[in-house]
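Engineer: I have a structure I would like to understand better, so I am pasting it below and will then ask my questions one at a time.
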Amino acid sequence: MLFWLFQRVEPLLESVGAHTSGDSRVFLTARSALASVTAFLLALLLGPVAIGWLRKRFRERVASDSEQLNQLHAEKNDTPTMGGLFIVAAIVFSVLLWGDLGNAFVQLALVVSVGFAVLGGVDDWIKLSSRQNGLSAKRKFGVQLVMSLGVSWALYGVLAEHPRGLELIWPIGNVGVWLGGGFVAWAVLVLVGSSNAVNLTDGLDGLASGCMVVASAAFAALSYLAGHRVLAEYLSIPFVSGAGEMTIVMGALVGAMLGFLWFNCHPAQVFMGDTGSLPIGALLGLVALVTRQELLLVVVGGGFVIETISVILQVASFRLLGRRVIACSPLHNHLLFRGESESKIVVRFWIGSVVLAVVAVASLKIR
């Protein structure tokens, strides 16, 4: 939208050309910052209105298979949920306002945001309006696969034009493995895995939203670097033309999550529900694919990875051995069962996320 307007101011662009970023010569740094501020303010403004509307229609129902967990979360009953509606609204509006809508990566980000939000919204609506626990696992997973396959195929077509666009990059040493057509299957795995990992982490006030602020800020920096030919060459990371525009998307995600965290910090006034966790997780997976840093995503999103692994191990152990590895999965529930306070668990996850993000970005200079 405003990107188009900036393009019209050609004389000004020529005079500031030396100060622009990478192959996006239209104020990328400024637009990223403005996208973040716009999303933050929009989330703050929409929050009270959305929470009031959701309180009348969609309230959390604490009904897990663990009676002890239900007791620990009893105070969360009737808290408005589906707050992801105003998270996604803030992201989409900011990207439409400040992003280059002709950029294929930005287009895919908008598709992912809306598509996964609709899936999450349907799941939440069924869960809250009936006795069912949302969509069946097979149906939900099937829809995620179909959407991810479409996005992955489109992404394959764009990245195939880049020299290292279809390589799986090992961050340290910048060693790549050619994926070829296997990129599509790999991309589906990344999108679905990242989406569900954030969904599993969203169990305590401010846990997923705080960790997402850190992870998306790290990938905002990685997007900027990947889209800047000189900086990418200096750091020996793949240069992906157009990837810089994903800085706008990540900036909007940071702002929206900060605005949501304003209402989601303990004690939470609203939960994001699957309406929010599925799209923001998928966006994180998408930017990792665009920047060719999927393996670095495992480090940046270490908190989400640990939570997911705890669930996998718990299920596998119970089915194969008939016993549980931890008291209750995901890991944050296990810590609750041990008597740790909710706020302490959340803040420690945030600290861990910051440390992992710093390590991940710093590893780019390790040869």
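What the sequence shown shows, in the working numbering, is residues 11 to 377, in sequence order. Glycine residues also receive a C-beta, built at the ideal position from the N, C-alpha and C atoms.
Does the segment 209-219 touch the segment 348-357, meaning 3 or more C-beta pairs lie closer than 8 Å?
Structural biologist: At 8 Å Cβ cutoff, the stretches touch.
Engineer: Just to confirm the assignment, what range does the beta strand (DSSP E) spanning G109 have?
Structural biologist: Sequence index remark: in the sequence shown, residue 109 carries index 99 (1-based). Looking at the DSSP string, G109 is not in any beta strand (DSSP E), and its letter there is neither H nor E.
Engineer: In terms of alpha-carbon separation, which member of T48, A218, D110 and G167 lies closest to F193?
Structural biologist: Within the sequence shown, numbered from 1, the residue matching residue 193 stands at position 183. Selected option, being the one with the closest Cα: G167.
Engineer: Given this structure, state the Cα-to-Cα distance separating L366 from G312, to the nearest angstrom.
Structural biologist: Translated into the one-based positions of the sequence shown, residue 366 becomes position 356. Translated into the one-based positions of the sequence shown, residue 312 becomes position 302. L366 and G312: Cα-Cα distance of roughly 7 Å.
Engineer: Have a look at S31 and A114 and give me their C-alpha separation to the nearest angstrom.
Structural biologist: Here residue 31 refers to the residue found at position 21 of the sequence shown. Here residue 114 refers to the residue found at position 104 of the sequence shown. Model confidence at S31 stands at a pLDDT of 49, short of 50, so the residue's coordinates are unreliable; what they give is reported in the following sentence. S31 and A114: Cα-Cα distance of roughly 18 Å.
Engineer: Identify every residue that forms a DSSP beta bridge with G186.
Structural biologist: Here the question's residue 186 lines up with position 176 in the sequence shown. For G186, which the question treats as bridged, DSSP gives the partners I179.
Engineer: Apart from the five residues on each side of it in sequence, which residues of its chain come closer than 7 Å, Cβ to Cβ, to S123?
Structural biologist: In the sequence shown, counting from the first residue as 1, residue 123 sits at position 113. Counting only Cβ-Cβ distances below 7 Å, and skipping sequence neighbours, we find V98, I101, V102, P289 and L293.
Engineer: Please look up how many angstroms separate the CB atoms of P248 and I179, rounded, as I've assumed it's under 8 Å.
Structural biologist: As a working note, residue 248 is residue 238 in the sequence shown. As a working note, residue 179 is residue 169 in the sequence shown. At roughly 6 Å, the Cβ-Cβ gap stays under 8 Å, so P248 and I179 are in contact.
Engineer: Distance, Cα to Cα, L56 vs L263?
Structural biologist: Walking along the sequence shown from the start, residue 56 turns up at place 46. Walking along the sequence shown from the start, residue 263 turns up at place 253. One C-alpha to the other measures close to 15 Å.
Engineer: Apply the 10 Å Cβ neighbour rule to F151 and answer buried if 16 or more other Cβ atoms are within range, or exposed otherwise.
Structural biologist: Taking the first residue of the sequence shown as position 1, residue 151 is located at position 141. Looking at its Cβ environment, which holds fewer than 16 other Cβ atoms inside 10 Å, F151 is exposed.
Engineer: If distances are taken between C-alpha atoms only, which option among G93, A49, F270 and A119 comes closest to M256?
Structural biologist: Mapped onto the sequence shown, residue 256 falls at position 246. For the residues G93, A49, F270 and A119, the minimum Cα distance to M256 belongs to A119.
Engineer: Among P58, V36, F126 and R41, which has the Cα closest to the Cα of W272?
Structural biologist: Taking the sequence shown and counting its residues from 1, one reaches residue 272 at position 262. Of P58, V36, F126 and R41, the residue nearest in Cα terms is P58.
Engineer: Tell me whether S385 is buried or exposed, calling it buried when 16 or more other Cβ atoms sit within 10 Å of its Cβ.
Structural biologist: Given a span of 11 to 377 for the chain in the structure shown, any question on residue 385 remains unanswerable.
Engineer: Quick one: measure Cβ to Cβ for S287 and N209, integer angstroms, because I've assumed they're closer than 8 Å.
Structural biologist: As a working mapping, residue 287 is identified with position 277 in the sequence shown. As a working mapping, residue 209 is identified with position 199 in the sequence shown. Indeed, because the Cβ distance is near 4 Å, the residues count as touching under 8 Å.
Engineer: Is it the case that the Cβ atoms of V223 and G93 are separated by a distance below 7 Å?
Structural biologist: Here residue 223 refers to the residue found at position 213 when the sequence shown is read from its first residue. Here residue 93 refers to the residue found at position 83 when the sequence shown is read from its first residue. For V223 and G93, no; Cβs fall outside 7 Å.
Engineer: Grab me the residues of Q78's own chain with a C-beta within less than 8 Å of its C-beta, minus the 5 sequence neighbours each way, in chain order.
Structural biologist: As a working note, residue 78 is residue 68 in the sequence shown. Here the set comprises C338 and F347.
Engineer: Can you name the start and end residues of the alpha helix (DSSP H) that S204 belongs to?
Structural biologist: Taking the first residue of the sequence shown as position 1, residue 204 is located at position 194. It spans G192 to T211 - the alpha helix (DSSP H) in which S204 sits, taken as one unbroken run.
Engineer: Note down the Cα distance separating W135 from L268, rounded to an integer number of angstroms.
Structural biologist: As a working mapping, residue 135 is identified with position 125 in the sequence shown. As a working mapping, residue 268 is identified with position 258 in the sequence shown. If I take the Cα positions, the gap works out to 25 Å.
Engineer: Once the 5 residues before and after L307 are set aside, which same chain residues still bring their CB inside 6 Å of it?
Structural biologist: Indexing the sequence shown from 1 puts residue 307 at position 297. Counting only Cβ-Cβ distances below 6 Å, and skipping sequence neighbours, we find A298.
Engineer: Measuring alpha carbon to alpha carbon, tell me which residue in G349, T301, S42 and Q324 is nearest L176.
Structural biologist: Along the sequence shown, one-based indexing puts residue 176 at 166. Comparing Cα-Cα distances from L176 to each of G349, T301, S42 and Q324, the minimum goes to T301.
Engineer: CB A370 to CB V321, shorter than 7 Å?
Structural biologist: Counting from 1 along the sequence shown, the entry for residue 370 is found at position 360. Counting from 1 along the sequence shown, the entry for residue 321 is found at position 311. Taking 7 Å as the Cβ cut-off, A370 and V321 do not qualify as a contacting pair.
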